[in-house]
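The structure under discussion appears below in the form of structure tokens.
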Amino acid sequence: MYPLGGFEQVGRNCFVIEVDEDIYIIDLGLQFPDEDMMGIDYLIPDISSLKGREHKIKAVLFTHGHLDHIGAVQHLLPQLHFPPCFGTRLTMAFVRKRLEEEHLTSKAQLNVVEFRQRIRIGKVEVEFLRVTHSIPDSAAIAIHTPSGTVLHTGDFKFDLTPMNEPPADFHRFAELGDAGVLAIIADSTNATKPGNSKSEKEISETLHGLIRDAKGRVIVSTFSSLLNRIQQIVEHARKYNRKIYISGRSMETNLEIAQNLGYLKVPRGLIRKVGPGMEKLPDKEVMIITTGSQGEEAAGLARIGLGTHRHIAINKGDTVILSSNPIIGNERAVAKVINNLHLLGAIVKTNQELALHTTGHGYQNDLLLMHRLVRAKHVIPEHGEPHMRVAHGDIVKSIGYQDNQVHLIVNGEIIEFDGNGDARKSKSKMTVRDVIIDGRGAAGEGQRVLDDRKIMSSNGVLIIVFRIYSESKRLVGDPEIIARGLLYGSEQTEITREVIDTCRKAYDEELNRGEKDPNAFKRAITGSLYRYFDRKLDREPMVMPIIVEV
Ligand SMILES: [Zn+2]
Ligand SMILES: [Zn+2]
Numbered sequence: 004m005y006p007l008g009g010f011e012q013v014g015r016n017c018f019v020i021e022v023d024e025d026i027y028i029i030d031l032g033l034q035f036p037d038e039d040m041m042g043i044d045y046l047i048p049d050i051s052s053l054k055g056r057e058h059k060i061k062a063v064l065f066t067h068g069h070l071d072h073i074g075a076v077q078h079l080l081p082q083l084h085f086p087p088c089f090g091t092r093l094t095m096a097f098v099r100k101r102l103e104e105e106h107l108t109s110k111a112q113l114n115v116v117e118f119r120q121r122i123r124i125g126k127v128e129v130e131f132l133r134v135t136h137s138i139p140d141s142a143a144i145a146i147h148t149p150s151g152t153v154l155h156t157g158d159f160k161f162d163l164t165p166m167n168e169p170p171a172d173f174h175r176f177a178e179l180g181d182a183g184v185l186a187i188i189a190d191s192t193n194a195t196k197p198g199n200s201k202s203e204k205e206i207s208e209t210l211h212g213l214i215r216d217a218k219g220r221v222i223v224s225t226f227s228s229l230l231n232r233i234q235q236i237v238e239h240a241r242k243y244n245r246k247i248y249i250s251g252r253s254m255e256t257n258l259e260i261a262q263n264l265g266y267l268k269v270p271r272g273l274i275r276k277v278g279p280g281m282e283k284l285p286d287k288e289v290m291i292i293t294t295g296s297q298g299e300e301a302a303g304l305a306r307i308g309l310g311t312h313r314h315i316a317i318n319k320g321d322t323v324i325l326s327s328n329p330i331i332g333n334e335r336a337v338a339k340v341i342n343n344l345h346l347l348g349a350i351v352k353t354n355q356e357l358a359l360h361t362t363g364h365g366y367q368n369d370l371l372l373m374h375r376l377v378r379a380k381h382v383i384p385e386h387g388e389p390h391m392r393v394a395h396g397d398i399v400k401s402i403g404y405q406d407n408q409v410h411l412i413v414n415g416e417i418i419e420f421d422g423n424g425d426a427r428k429s430k431s432k433m434t435v436r437d438v439i440i441d442g443r444g445a446a447g448e449g450q451r452v453l454d455d456r457k458i459m460s461s462n463g464v465l466i467i468v469f470r471i472y473s474e475s476k477r478l479v480g481d482p483e484i485i486a487r488g489l490l491y492g493s494e495q496t497e498i499t500r501e502v503i504d505t506c507r508k509a510y511d512e513e514l515n516r517g518e519k520d521p522n523a524f525k526r527a528i529t530g531s532l533y534r535y536f537d538r539k540l541d542r543e544p545m546v547m548p549i550i551v552e553v
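Counting in my numbering, the sequence shown runs from 4 upward without gaps.
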């Protein structure tokens, strides 16, 4: 078994289990880019190691409907030749939605499974177990193989007082533990945090108090997949006679899917899209649920804060509730939005001062409870950056696991099991590179595009157009220089002159040597300019020579 993503980052989750020749894949997720990734859309798992073995893939199993677990399906299912997919009802509805957007649904084999149902797929039996997380219908997946049971927890926490949903299937986890589990692959996201994760019930109570006491309108911003939280907000709104307006495309889509499948229970007519006419209602009868809790510039909350939302302007005395936490890297953007809302006269409530958000990932005690129930022979900490997985390894060692039972691997590294249930890291490794999705661009070329953007953004671009006679190949006048983000006013004239001289000289040298290949000319020009910029400015711009015959 080996991860193809998700072991060096939070995101891009993909774990592969091979049983003899058969292949089982758990999750096909995306990873949102870091700030230094220059505007790319996202990254997806590298499945090149499965090339040529597509017919051996027996199933893709999805733990839950978050994008870091299903977000790459529309790119990867076709490449994997559409193997059968399995997941719980809401999860598969979100998978279907992603495929629909690319018109791929008719080719996909989507199977909905019930919790605790055992499904035979090839040589194994697969079973989905209920866990609590921050989206309904989240599952851990047990794979009963001839060499033992492997349990993948998916994203989970143990919420003893969840809202609108049953708690995790403690009993079944314990039963699996009794029967014996060979290996557990378990969520490490919050393994650095001591204690227990906070319950959704506490959040609901805080929200209730704020909604009850609000004098003006209430605007709540939260994640559109936090459907049980949204259900609570809807119920509090109903209780205090507020009509609900929805802002943001992902919020609209997700609530529609959830309502159709019965995961969000709302009387007809209570929820409406924001639009003209909503200002006719008294402020005390209005509740708005919006996206944008991460400070995203294009999303509802940021636009409300900037006063550029088409239908919602802050009235003095409106209560704005951020039922969320900024994800690492988004803190500045969120703070900006909060400041703007304050300036407009809103009363802003955040998780800083009140219990308005809780994680979907277990803290140390949640993780230890899982390990106490399951008592797997081997532990493979997953879902997270190396420091999170190391922390997870440390806490399981604190309850008696030995070094040879805890396996810290990175993407592409392989853990093999022998007939005795012993495990070892293989010497070979699967190829795992960054596969980038940027607009509709081909996935494979992503790295080059990203590298180019990095060079351009930090060092600028220089385009040099050479006009040459088609017969003699001699230059027609000076090359033309187009520079962007590279030269400052005072140095411009001097450097432009020197650049022209440098690349003219390089061109003529190649020509006099009898060179004919245009690419050789380009290489010579680029090389001479790199040396020049390195010496002169200590910079490394992107150099693009273009040769035009006239
Ligand atoms: Zn998740
Ligand atoms: Zn996740």
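Glycine included, each C-beta is placed from N, C-alpha and C at the ideal position.
Since we're looking at a predicted model, the values are computed, not measured.
What number of angstroms, rounded off, separates the C-alpha of residue i from the C-alpha of residue j?
i      : j      : result
Ser473 : Val464 : 27 Å
Gly422 : Asp181 : 20 Å
Ser531 : Ile467 : 13 Å
Pro169 : Gly320 : 37 Å
Ala302 : Glu104 : 20 Å
Ile484 : Gly298 : 40 Å
Pro36  : Leu93  : 26 Å
Lys430 : Ser296 : 44 Å
Val22  : Leu64  : 15 Å
Val438 : Ile418 : 23 Å
Met95  : Ile550 : 53 Å
Val127 : Thr152 : 9 Å
Gly183 : Gln367 : 23 Å
Leu371 : His155 : 15 Å
Leu376 : Leu79  : 35 Å
Arg534 : Thr505 : 10 Å
Glu416 : Gly488 : 41 Å
Glu203 : Thr192 : 18 Å
Ile575 : Val337 : Any question about residue 575 goes unanswered here, given that the chain covers just 4 to 553.
Ile222 : Ile292 : 6 Å
Pro544 : Phe226 : 40 Å
Cys17  : Asp30  : 5 Å
Met4   : Thr164 : 35 Å
Ser200 : Pro48  : 29 Å
Phe97  : Asp140 : 11 Å
Ala445 : Ile412 : Because the pLDDT of Ala445 is 48, which lies under 50, any placement of that residue in the model is unreliable, and the number read from its coordinates should be weighed accordingly. Looking at the two C-alpha atoms, the distance is approximately 29 Å.
Gly278 : Ile341 : 23 Å
Ile440 : Gln34  : 10 Å
Gln234 : His72  : 23 Å
Ala305 : Leu346 : 13 Å
Leu258 : Ala486 : 49 Å
Glu334 : His106 : 36 Å
Asn167 : Gln262 : 14 Å
Could you give the residue range of the beta strand (DSSP E) that holds residue i?
i      : result
Ala426 : Ala426 to Lys432
Phe131 : Val127 to Arg133
Gly219 : From DSSP, Gly219 is part of no beta strand (DSSP E); its letter is neither H nor E.
Lys250 : Reading the sequence as shown, one finds Ser at residue 250 and not Lys. Per DSSP, Ser250 belongs to the beta strand (DSSP E) from Lys246 to Ser250.
Glu416 : Glu416 to Phe420
Arg618 : A question about residue 618 goes unanswered here, because the residues of the chain that appear run from 4 up to 553.
Val323 : Thr322 to Leu325
Ile50  : Run containing Ile50: none; DSSP gives neither H nor E here.
Asp352 : A quick correction: the sequence has Lys, not Asp, at residue 352. It spans Ile350 to Lys352 - the beta strand (DSSP E) in which Lys352 sits, taken as one unbroken run.
Name the DSSP bridge partner or partners of residue i?
i      : result
Arg123 : Glu128
Ala145 : Glu130 and Leu154
Met166 : In DSSP, Met166 forms no bridge with anything.
His381 : Ala186
Phe89  : Leu64 and Asn114
Glu552 : Ile471
Phe18  : Pro6 and Ile29
Tyr45  : Ile440
Val409 : Val382
Lys59  : DSSP lists no partner for Lys59.
Val546 : Leu465
Determine the extent of the alpha helix (DSSP H) in which residue i is found, giving its start and end residues.
i      : result
Met95  : Arg92 to Glu104
Ile398 : Pro389 to Ser401
Pro81  : Val76 to Gln82
Lys242 : Leu230 to Lys242
Val340 : Glu334 to Leu346
Ile73  : Leu70 to Ile73
Counting only beta-carbon atoms, is residue i nearer than 8 Å to chain C?
i      : result
Glu178 : No chain C appears in the structure shown, which is made up of a single protein chain.
- Message: At 4 residues or longer, what runs of the alpha helix (DSSP H) sit wholly inside the region 455-532?
- Response: 492-515
- Pull every residue with its beta-carbon under 5 Å away from any heavy atom of ligand 1, and keep them in chain order. His69 and Asp158
- Task: Mind listing, in chain order, the continuous beta strand (DSSP E) runs of no fewer than 3 residues lying wholly within the region 282-307?
- Result: 289-293
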